[in-house]
Amino acid sequence: MKEINAWAAIALIVLTSTTGDVLLSYSMKRVGDVGELWRRRGILAVVGRALTTPTFALGLMAMAVAFYSLLYGLSWGNLSLVAPASASLTFVANAVAARIFLRERVGRRRWIAALLVAGGVVLMAI
Amino acid sequence: MTFRKYLVLAGITVCSTVGDSLLARGMKELGAVSLHNLSGLLLAVLNPWVTAGILLLLAFFSCYMSALSWADLTYVLPATSLAYVLVALIGHFRLHEEISPTRWLGIALIASGVGFVAGGPSFTPRHERHNSQDVAREGVPSEVKP
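Just so you know, the sequences run in chain order H and G. To convert, count from 1 in the first sequence and add 773; that's our numbering. To convert, count from 1 in the second sequence and add 1246; that's our numbering.
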């Protein structure tokens, strides 16, 4: 029962944080280089511009769900299982999602790395 | 990539690692949250360890958003994913969680995957592109072919 709950939390974390990562990455690309914007217009301009990007709010909501799933998962499983498992599965899911939705070019090097990480996650679950 | 940008990436790694382990410590104090008592999750933020963890995760989030504004998602994630290994090591040494040999091997595999991505010529500086809206829509090659 404990294991099932931990893995259900992990699955939920992967789904929601991938959604969040893609939405936030998309939003921040629209906002533009934060460091540069900060120098030119100040920190308030950065915050204002991010908050007025609609996809940013959606991404935040997805991240909030992911965060509470993490709290839930951590209360059931070990930190050294839940945190790396969800984070690295998210890494793989993000590579796929970034390629499809953000149209980032994910080269062979990145796919091999994704498989290595996925293998590592399986080993950690044994 | 400037020195300040590497600092931002380091901030992502350290803040998320320490933040996660503070959260774990707080959640261990509270004990397992059951599905029938989900309000326990909302009250969890009152625990000082959880509060400290949340503050660090806020710092992590600021650094992360900054990085995403000038780098690919598929660059930022691997470049900062040393955090996964750090989190396991902190779990082992500070929280005294068991790490079996197979789990150590898993950590090594994840770390090598991370190195594989981060070590490659896989970054096209986005900060040269001011018309960021078009960047998001069209997508640009995020990797220089070896």
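For each residue, glycine too, the CB sits at the ideal point set by N, CA and C.
Distance, Cα to Cα, residue 788/H vs residue 813/H?
-> By 1-based counting over the first sequence, the position of residue 788/H is 15. By 1-based counting over the first sequence, the position of residue 813/H is 40. Residue 788/H and residue 813/H: Cα-Cα distance of roughly 37 Å.
Give a single yes or no on whether residue 789/H has its beta carbon closer than 7 Å to a heavy atom of the ligand GDP.
-> Within the structure as shown, the ligand GDP is missing, as the structure has no ligands at all.
Short CB-CB distance (under 8 Å) between residue 886/H and chain G | What you label residue 886/H is simply residue 113 of the first sequence in a count that begins at 1. Cβ-Cβ to chain G under 8 Å: yes for residue 886/H.
Taking Cβ-Cβ distances shorter than 9 Å, what residues in chain H pair up with residue 1306/G?
-> Indexing the second sequence from 1 puts residue 1306/G at position 60. Ordered by position in chain H, no residue passes the 9 Å Cβ test against residue 1306/G, which lies about 11 Å from the chain.
Can the beta-carbon of residue 1299/G be found less than 8 Å from the beta-carbon of residue 1332/G?
-> Your numbering for residue 1299/G matches position 53 in the second sequence. Your numbering for residue 1332/G matches position 86 in the second sequence. Their beta carbons are not under 8 Å apart, which means residue 1299/G does not touch residue 1332/G by this criterion.
Helix, strand or coil: which one does DSSP assign to residue 805/H?
-> Taking the first sequence and counting its residues from 1, the one referred to as residue 805/H is at position 32. Looking at residue 805/H - three-state DSSP - the assignment turns out to be coil, as it is neither helix nor strand.
Within 10 angstroms of the Cβ of residue 846/H, are there 16 or more other Cβ atoms? Answer buried if so, exposed if not.
-> Here residue 846/H refers to the residue found at position 73 when the first sequence is read from its first residue. Buried.
Beta-carbon gap between residue 796/H and residue 1311/G smaller than 8 Å = Numbered from 1 along the first sequence, position 23 holds the residue referred to as residue 796/H. Numbered from 1 along the second sequence, position 65 holds the residue referred to as residue 1311/G. Not in contact: residue 796/H and residue 1311/G (Cβ atoms no closer than 8 Å).
Answer with yes or no whether the minimum CB distance from residue 790/H to chain G is below 8 Å.
-> As a working mapping, residue 790/H is identified with position 17 in the first sequence. Cβ-Cβ to chain G under 8 Å: no for residue 790/H.
Going along chain G in order, which residues have a C-beta closer than 7 Å to the C-beta of residue 801/H?
-> Here residue 801/H corresponds to residue number 28 of the first sequence, with the count starting at 1. The answer, in chain order, is 1311, 1314 and 1315.
By the criterion of Cβ-Cβ separation under 7 Å, what are the contact partners of residue 1323/G in chain H?
-> The residue you call residue 1323/G lines up with position 77 of the second sequence. Chain H residues near residue 1323/G: 864 and 867.
Chain G within 8 Å of residue 784/H, Cβ atoms only = The count along the first sequence starts at 1 and reaches residue 784/H at position 11. Judged by the 8 Å Cβ criterion, residue 784/H is not in contact with chain G.
Examine chain H for any beta-carbon lying closer than 8 Å to the beta-carbon of residue 1260/G, and answer yes or no.
-> The residue labelled residue 1260/G in the question sits at position 14 within the second sequence. With 8 Å as the cut-off, residue 1260/G does not count as an interface residue toward chain H.
Evaluate contact between the region 803-810 of chain H and the region 822-842 of chain H, counting only Cβ atoms and requiring at least three cross-stretch pairs below 8 Å.
-> yes
According to the Cβ coordinates, are residue 1356/G and residue 893/H closer than 8 Å?
-> The residue given as residue 1356/G occupies position 110 in the second sequence. The residue given as residue 893/H occupies position 120 in the first sequence. Yes.
What's the C-alpha gap between residue 1351/G and residue 890/H?
-> Within the second sequence, the letter at position 105 stands for residue 1351/G. Within the first sequence, the letter at position 117 stands for residue 890/H. Roughly 11 Å between the two C-alpha positions.
Exposed unless 16 or more other CB atoms sit within 10 angstroms - verdict on residue 1252/G = Start at 1 with the first residue of the second sequence, and residue 1252/G comes out as number 6. By the neighbour-count rule (16 or more Cβ atoms within 10 Å), residue 1252/G is not buried but exposed.
Let me know if residue 859/H comes out buried or exposed under the rule of 16 or more other beta-carbons within 10 Å of its beta-carbon.
-> Numbered from 1 along the first sequence, position 86 holds the residue referred to as residue 859/H. Buried is the call here.
Among 1294/G, 1306/G and 1340/G, which one has its Cα closest to the Cα of residue 1255/G?
-> Here the question's residue 1255/G lines up with position 9 in the second sequence. Nearest C-alpha to residue 1255/G: 1306/G.
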